[in-house]
Each structure stands twice: as C-alpha cells, then as structure tokens.
Amino acid sequence: MLPDYVKTKSEVQGLYNDLFEHYLKKHSGPISEIRSYKVFEGENTSIIRPEGHEDITQMQSASSTFELKYDEVPSLTLEKIAYKLESAAKEMADQQVQHFYETISKAVESAGNTVSGGPLTAERILEVMETIQIDFDKNGQATLPQIHIGPEQEDLLKREFSRLETEPDLKDRWTQVMFQHRENWRARENSRKLVG
Amino acid sequence: MLERIVENWLDSASERSYQNVFCQMLIAQGYTILHNTRHSPLEMGKDVIARDPQGQLVAYQLKGNPGNRLTLRQYRDIQNQIIQLVTQPVSHPNVQNEVHHSYLVTNGEIDEEAQLAIAQQTEGFRQSGYTEPDVRTISRGQMLTWANELGQSLWPSELSDINTLLELLIYDGKDFFPIDKADSLFKNLLNLSNSDDITNPEIIRRISSCAILTGIILKNFYKEENHFAIFSCWLLYYSYVISTTEKHNLTGRIIDETLDISKSEAIGSLIDLAKEVISRDHLVEGNAMADTLFYSARTTLLTGLLSVLWFHIEASGNILNELKIEIEKFIKMPPNNHMNLWGEGAVPQWLAYYWYIRRKSATMVPDVLLGQLLSKIVNRNSSNIEDDFFPTPYYSIEDIVGHQLFILNGSKGVDPLKDGNPGLASYMSEGLLHLLCRSLHKQTCKAIWPNFTRLGHTSFLPGSKWEYCLWRSESGREVMVQPELTKTWDQLCYEARDATGAGIPDRFLNDPIMLLLFLIVFPHRATPSAIRYLGYKLNKCWFIQPPITN
Chain A
143 MLPDYVKTKS EVQGLYNDLF EHYLKKHSGP ISEIRSYKVF EGENTSIIRP
193 EGHEDITQMQ SASSTFELKY DEVPSLTLEK IAYKLESAAK EMADQQVQHF
243 YETISKAVES AGNTVSGGPL TAERILEVME TIQIDFDKNG QATLPQIHIG
293 PEQEDLLKRE FSRLETEPDL KDRWTQVMFQ HRENWRAREN SRKLVG
Chain B
11 MLERIVENWL DSASERSYQN VFCQMLIAQG YTILHNTRHS PLEMGKDVIA
61 RDPQGQLVAY QLKGNPGNRL TLRQYRDIQN QIIQLVTQPV SHPNVQNEVH
111 HSYLVTNGEI DEEAQLAIAQ QTEGFRQSGY TEPDVRTISR GQMLTWANEL
161 GQSLWPSELS DINTLLELLI YDGKDFFPID KADSLFKNLL NLSNSDDITN
211 PEIIRRISSC AILTGIILKN FYKEENHFAI FSCWLLYYSY VISTTEKHNL
261 TGRIIDETLD ISKSEAIGSL IDLAKEVISR DHLVEGNAMA DTLFYSARTT
311 LLTGLLSVLW FHIEASGNIL NELKIEIEKF IKMPPNNHMN LWGEGAVPQW
361 LAYYWYIRRK SATMVPDVLL GQLLSKIVNR NSSNIEDDFF PTPYYSIEDI
411 VGHQLFILNG SKGVDPLKDG NPGLASYMSE GLLHLLCRSL HKQTCKAIWP
461 NFTRLGHTSF LPGSKWEYCL WRSESGREVM VQPELTKTWD QLCYEARDAT
511 GAGIPDRFLN DPIMLLLFLI VFPHRATPSA IRYLGYKLNK CWFIQPPITN
C-alpha cells in the first residue's frame, strides 16, 4: 500500500457524514422534525392497540449511491463533495418520505380515518378535524396536528384557513369542533383509571 | 497463526485461567467431570476429579507455570500436595471406595530433575504398597496438542473472525468485556448466524471448542483480575450454548457438564468480585478524577450482583457462609445513597436488590422501593420532554455519560444517545407494575396508572426461542403495547399471575439465578415475561390469586 493518513481521514469522513445528515434533514421536509428512534434488532416493529389490533411495520431499506471515480479525486473540492453528498441525501430522503406517507396512508385507511374526494376547502378541513384525536396540555392548549400538503396547495390552504377565522358559520363550527375535542380529551383523561 | 495464538495463551495463562479450559478439553474427550474446585477448599490435593471414558476415576492437581518450567524446587514445595493427591482416596458422593489415577498438570514444561523426583516419589508410593502409585503428568506439549485439536482446528477461519479474535486478544483487560465483538465470533463458531448443514456431534465439538476460545480471549482480563469482565464472558458463553442446544434440540451429558463448568466459572468470578468488594475501603477504580461519573452506576451494579450471589450461596447450603455474612453487611436497606437508576438498563440490577431485601425484610420497605422505581420511570418517560427520559435498556451508563460529554463538548463528535429517545415508551414498566400488583399495593398501582397508560410498553420478541439468548437477534419484532385507558384491578391481577416465562428457553427457566445474572448483563432481555417469572421464583410474597405456570 501507499502511505495513508488513516486517523485524520476518519475524522474528515465524520464531518462528511454530518454534512450528509444535514442534507438528509433538509430534503426530508417536515418529516425531519419527527423524532427518530433506533431499533437495534429484528425485522419489523408493531404496535398493539388498546382494542387488541396489531399494526405491523416492516423495515424498509433506504439507500443512495455516491459515485467517485479515482481520476476525480485529485481535483475534488469541498464544494464538489458537498454537491455529491446533497444529491445522495436527496435520493435517500425521497425514499424515506415516500415510505413514510405510504405507511401513514395504509394505517389511516385500515383505521377508516380517511376523508377523500373533492377540493381542499374550509369545510373539508373541518370534516377532517372532526375525525382525528386531539390532545391538550395541562394549560389547556391544544396540540394541533401538522398538515402536510404539496407546495402548490399552500396558498389555497392559507385562504381556506382564513375563512375559518373570518366567516361566522365556519368560525362557530370550528369552535364547536374544538370544544368537542376538549370534552373528548377530558373524558379520555378521566378514563385513565385502574378500577375495582 | 491460530496455533501461535493458542501457544501464546498457554504460555501466559495462570492456573486459574486455564483450569476451566482444561476441564472443557477433558469433557470434549469424553471425560465426566465430578468435581472442579474453584471456591471450595482444596479437595485433598485434587483440583479436578473426573471419570475417563472407560469409567476410571482420575484426579488432577493443576499448577501454573506460564512460559516457564516446573523446577525441582517448585516440585518440592508441592510435594505434600502430591502425597495427598495419590494417597488420599477421593471423597465424593458418586465415589465409593475406588482407586483413582493421579495426574500433575502444568502448562509449562517439567525440568529433568523434577521428572526424576516425580519418578522417585512414584517408586516410593509403589514400595509403600499403594495400588495406584503413579504420578502421571500432563504438561505443555500435551495441553497444546489438545488445545489445537479440540480448539483452534474448529475455529472459524474467515478473515473477519480472525480480526475479531485478534482484537479481543489485545483488548484492554481493564475494560468491560466487549460482548458485541465476541457475539459474531461465537455465533459463527456455533452456527447461530447461518444455517450450515452441520451434524449434532460436530456442533457438540464446536461447543467445546468455543469454551477453549472463551478461555483464550479472556487472557488479558484474567491478567488484570477483572472479575466482572470474566464473569460476563463466561455468562455469554453459557447463554450461547443454551441458544445452540435450543436451536438444534441437543441434550446429554456433555451439554450438561459444559454448562455446569461455565456456570461454575461465572459464579466463581462473582465470588472473587465479592471478596474484593468486601476487602476494599472504597469502591473507586482506575482514574479517580473521572470516576465520579460512574461511581453510582458501579455501586448499583455491585449491589445487584452481590444480591444474586447471596441467592446462589443461600441455595447452595452452608458453603461460603462467611462470604454470605459479609455480603449481608455490604448490602444496605434502605439503599446505599450512591445507588442510582441511570436508565432502564439498570432495572435488573435494582430488581436483584429488591428481591434480596424482600427476602430479608418482612416490612413494606422493599415494595415501597419497587413503587418508587416504577413511578420514576413512568413519570419521567410520560413527560415526553426531548432530552429528559430514561434511556432504553439497549443503552449503557457509558452511552449516557458519552451523551453528557457530547453536549458539554458543544455537540461535536458522536452522540451515543442519538435516536435513543423512544418517545412515550418504556421497556420495564409493565413487568414492575405486575410485581407491585402481586404485593397487593393497589393504591400505588392506581396512582401510577394514569401516567402508565400514556406509555407504549415495549419489548423485543425474537423470531425463535433460541434467539432470546443472543446479544442481538436478526429475526423478531419489537412490539409496543398501548394499554387500555381503563382497566379493572382484577384484570391487572390476572395479567400479573402469569409466571409461565413465555419465550425463555427451559434451561434458563430451570436456573433462575443464571437467568437473573443474564438479565443484568443483557437488560434488553428483561421482558415482562422474564420479570414476572423471576418474581415468582425469587419472591415468596404473593397476595393475589395463585400463579399461572403453564
């Protein structure tokens, strides 16, 4: 072999790994905010719901390619490496995001929690809000869900949300929905009991 | 190269460190070990008593001459022991007035003068009329041949395994035993990570070969008298042999004896550890300045281990009674101020302590402690604060301290707890709640219940029962159970009655002490089933309907 600088190069690789993680987070969008958790062994995970139903999630591999030719190395700059890393990170992020939404969709469909068909309107938003579970913190503040939509619908969503605040009927309905959620939450909290 | 490794080990092994390997080599040759002294008084010059494959009784006295020769002077020093070896009959329940063959065993060579002295002594015994006067010898050459034939010839020859073996051989003997490194080595040797078509006799040979490998990779740890590391490695071997026998449905004398010998070595190391703990004025070890971050974790671990050892001594009768008394002085109730619940990985250590004080005390104090442990875990993990949680049992105290250093260092480097927050979850709470339920602490259970229902109760279920004994299992599922918000006390009691030990191999079920020790070293295997089972075996207090055992 030729002379090498193993220890320092290992530290450099550590920096590249951090950079890759940064780009992965950047391209994962809102799902990067979801807490991730390391599973040490096994092939899959499952959740057994209170009513006894088991939801199994298969592990899915996410990978990307990072190609580097030997004759590229002499002229490789940090910018070029960063560019390659970002491309690879985007490829992996796309796979993770797709898997995430596929898994969520399967879960909500099997639970019967889908509201499908029709345009995105304030009325439809209220319909969805009625189907989900909302928790409140000890100060009474609701933990509202995140809404994930395509960027092309962002303006539409903002318009429809503002209707919920400005149109009296819709505002009333929103208030009713949140009131019901608060009552449901209180009932849930009160039911956390070991009885007998 | 593997031969040189074996040679190097033999030339540096102390008597203590090669004794177990010697016994495993005898077992591999069809011998039956009747007695193997480690912590019982020297049996009249006999360290090991066995029967050869033909049933002949044999007694061995072992001497350590690493890289050296047994000289005439040394032989003179042990001559009285040789007299005892040859002239005193074997005293053992399975032996009735039998004549035995006598062997002096050394891992060095024997000087010519010493050989002459042995021959002269033999002649002396013959003239005195002893039926079996010969002092036979087994020295370095013979030991090396056995170690190569029975050991390294069966070791995996893949480069990755050889690299791992070399890493283990040069590993710092003062550190914790690196179970993750030995895991792949043992799995490959015992055919646990692949499905090669290997016959049962071949697997049994590999089990013996793996024992020799175990003795060899512990070289540096024996040298440092790192008792916990030695214990951990022999426990690892023990559990992997159980895994192998479970996978291949193996039974028989050789398996039983192999397990007995390795259990004896593991317990022997714990006894050595206990003796050291008791003899010390303090529990600081190594670099004192850096020790403050680990002192309480060490105290907790030692308390847990000594608690289990107490149960072992209690079950063994009056042998080691003095040590038992000293252990009772060391383990305090209420707990030593320096004990610490650093993560869910510490729970088996705390449970060992709880079961010990439960046995010693008729008061409510032990169950109050159990309630406090459960409350701590449930309340902290249900708060769902980003950096404030009890790490799962897959993380060690070193990971936690490493995380603290990562933060102090401005988040530079590697965070050992990255992706380590499981969210609203707990591995140990369900088992602890069931134990509390059995003690009829209904009000405590009711008080804990609301936060208990906020958590997902997680455990890993291996794909096959034999994988339970492994450090990591390739097949299997991590299952999280979301509890019902409302449950009746009767329903909870019904769940708590389960003492079947589901998912745990029978050999562990038949030895609760070893199972508890296994959970201390492998805390991620402390499933609710395992905790309930051990609670049934080790805690006589049971105030609900009878246990369900099948």
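Protein sequence lines, in the order shown, are assigned to chains A and B.
Each residue of the first sequence is one higher than the last, beginning at 143 in our numbering.
Each residue of the second sequence is one higher than the last, beginning at 11 in our numbering.
All C-beta atoms in this analysis are idealised placements derived from N, C-alpha and C, irrespective of residue type, glycine included.
Source: prediction; values computed, not measured.
Can you tell which of the options has the C-alpha that lies nearest to the C-alpha of residue i?
i, options, result
"residue 96/A", "322/A, 258/A, 271/A", "The displayed coordinates of chain A run from 143 to 338. Any statement about residue 96/A would go beyond what the structure contains."
"residue 276/A", "329/A, 174/A, 195/A, 200/A", "329/A"
"residue 493/B", "258/A, 189/A, 212/A", "189/A"
"residue 15/B", "114/B, 75/B, 123/B, 154/B", "154/B"
"residue 411/B", "207/B, 456/B, 301/B, 365/B", "301/B"
"residue 230/B", "552/B, 24/B, 471/B, 379/B", "24/B"
"residue 501/B", "359/B, 145/B, 443/B, 110/B", "443/B"
"residue 220/B", "381/B, 244/B, 141/B, 542/B", "244/B"
"residue 544/B", "553/B, 312/B, 528/B", "528/B"
"residue 148/B", "79/B, 182/B, 100/B", "79/B"
"residue 250/B", "498/B, 482/B, 509/B", "482/B"
"residue 525/B", "315/B, 212/B, 393/B", "315/B"
"residue 341/B", "404/B, 370/B, 330/B", "370/B"
"residue 506/B", "439/B, 92/B, 520/B, 87/B", "439/B"
"residue 437/B", "468/B, 373/B, 19/B, 59/B", "468/B"
"residue 171/A", "279/A, 197/A, 289/A, 196/A", "289/A"
"residue 287/B", "303/B, 274/B, 310/B", "310/B"
"residue 188/B", "41/B, 255/B, 258/B, 224/B", "224/B"
"residue 63/B", "141/B, 38/B, 56/B", "38/B"
"residue 176/B", "515/B, 558/B, 191/B", "191/B"
"residue 537/B", "441/B, 522/B, 503/B, 449/B", "441/B"
"residue 308/B", "319/B, 292/B, 260/B", "292/B"
"residue 242/A", "162/A, 336/A, 311/A, 175/A", "175/A"
"residue 195/A", "495/B, 491/B, 518/B", "491/B"
Under the DSSP definition of a beta bridge, which residues are partnered with residue i?
i, result
"residue 73/B", "116/B"
"residue 46/B", "58/B"
"residue 490/B", "189/A, 468/B"
"residue 284/A", "278/A"
"residue 68/B", "60/B, 111/B"
"residue 537/B", "Partner(s): none; residue 537/B has no beta bridge."
"residue 146/B", "113/B"
"residue 79/B", "119/B"
"residue 200/A", "186/A"
"residue 398/B", "395/B"
"residue 270/B", "In DSSP, residue 270/B forms no bridge with anything."
"residue 508/B", "558/B"
Span of the beta strand (DSSP E) holding residue i?
i, result
"residue 223/A", "From DSSP, residue 223/A is part of no beta strand (DSSP E) but of the alpha helix (DSSP H) over 220–253."
"residue 337/A", "335–337"
"residue 173/A", "No beta strand (DSSP E) contains residue 173/A, which DSSP labels as neither H nor E."
"residue 497/B", "496–498"
Examine the ligand FMN and report whether any of its heavy atoms sits within less than 6 Å of the Cβ of residue i.
i, result
"residue 165/A", "You won't find the ligand FMN in this model; it holds no ligand whatsoever."
What are the boundary residues of the alpha helix (DSSP H) that residue i is part of?
i, result
"residue 153/A", "148–170"
"residue 409/B", "407–418"
"residue 94/B", "89–97"
"residue 33/B", "25–38"
"residue 524/B", "522–531"
"residue 306/A", "296–308"
"residue 516/B", "516–519"
"residue 237/B", "237–258"
"residue 273/A", "264–273"
Going along chain A, which residues have a C-beta under 8 Å from residue i?
i, result
"residue 431/B", "177, 179"
"residue 485/B", "184, 185"
"residue 495/B", "192, 330, 333, 334, 335"
Which chain B residues sit within Cβ distance under 7 Å of residue i?
i, result
"residue 287/A", "Within 7 Å Cβ-Cβ: nothing; residue 287/A doesn't reach chain B, min ~16 Å."
Strictly below 7 Å CB to CB, what residues from chain A border residue i?
i, result
"residue 398/B", "None at all; the shortest Cβ gap to chain A is about 13 Å."
"residue 491/B", "190"
"residue 482/B", "182, 183"
"residue 381/B", "Neighbours of residue 381/B on chain A: none; closest Cβ ~14 Å, over 7 Å."
"residue 470/B", "183, 184"
What residues from chain A crowd round residue i, counting only those whose CB sits closer than 9 Å?
i, result
"residue 500/B", "338"
Legend entry - Those runs of the alpha helix (DSSP H) which lie wholly inside the region 194–231 of chain B and span at least 4 residues: 210–227
Inset, instruction - Tell me the start and end of each unbroken beta strand (DSSP E) in the region 429–476 of chain B that is at least 3 residues and wholly inside, in chain order. - result: The DSSP assignment places complete beta strand (DSSP E) segments of no fewer than 3 residues inside the region 429–476 of chain B at 466–472, in order along the chain.
Inset, instruction - Note down, one range per segment and in chain order, each alpha helix (DSSP H) of at least 4 residues found wholly within the region 286–332 of chain B. - result: Taking 4 residues as the shortest admissible run, the region 286–332 of chain B contains the following complete alpha helix (DSSP H) segments, listed from N- to C-terminal end: 305–326.
Inset, instruction - Run through the region 331–359 of chain B for me and flag every whole alpha helix (DSSP H) of 4 or more residues, listed as ranges in chain order. - result: 331–340
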